[in-house]
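Residue numbers (our numbering): 4 to 142.
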């Protein structure tokens, strides 16, 4: 009884977090979702011997969600680092603008990576959510 209850609790948390995510959601909320998916995945992997192959497709889904949200998080961290470096390195606005111009391709690339990963998450989430809702964790 403990194992199904634990997995059900993770499922409810993932579903709750996932239903609240929008394109304008804060990076911290996306990261929370990623961490929760990771914990659920690890729990499912740990209890695989109790379930056989029943959890494999859901584990794969959690990996995909983690990967997408991981790319979002990595892009957010990179963008914050670059912007922080620019701000720290140059106190004069003109020098900051010059450095921003030089780093614009890097910034644009990270913004695109983030947007692509967010789009993929939001495109695939309804099906992932449906799979998650449909699994029976009873032993």
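Yeah, the Cβ is synthetic: ideal placement off N, Cα and C, and Gly gets one too.
In angstroms with no decimal places, state the Cα-to-Cα distance between residue i and residue j.
i           : j           : result
residue 9   : residue 70  : 23 Å
residue 72  : residue 131 : 14 Å
residue 140 : residue 75  : 30 Å
residue 80  : residue 95  : 24 Å
residue 42  : residue 97  : 46 Å
On a CA-only basis, which of the options is nearest residue i? Give me that one, please.
i           : options           : result
residue 65  : 39, 6 and 89      : 39
residue 107 : 30, 72 and 82     : 82
residue 17  : 25, 5, 35 and 92  : 35
residue 6   : 37, 51, 22 and 28 : 51
residue 128 : 85, 114 and 26    : 26
residue 118 : 48, 15 and 78     : 78
What span of residues does the alpha helix (DSSP H) with residue i cover, start to end?
i           : result
residue 58  : From DSSP, residue 58 is part of no alpha helix (DSSP H); its letter is neither H nor E.
residue 139 : Here residue 139 belongs to no alpha helix (DSSP H), and DSSP marks it neither H nor E.
residue 41  : 30-49
Using the three-state DSSP reduction, which class does residue i fall into: helix, strand or coil?
i           : result
residue 25  : coil
residue 127 : helix
So residue i and residue j are in contact, right, with Cβ under 8 Å, and what is the actual spacing, rounded?
i           : j           : result
residue 99  : residue 110 : The pair is not a contact, with the Cβ atoms about 13 Å apart (cut-off 8 Å).
residue 134 : residue 84  : Their Cβ separation, rounded to whole angstroms, is 35 Å, which puts residue 134 and residue 84 out of contact at 8 Å.
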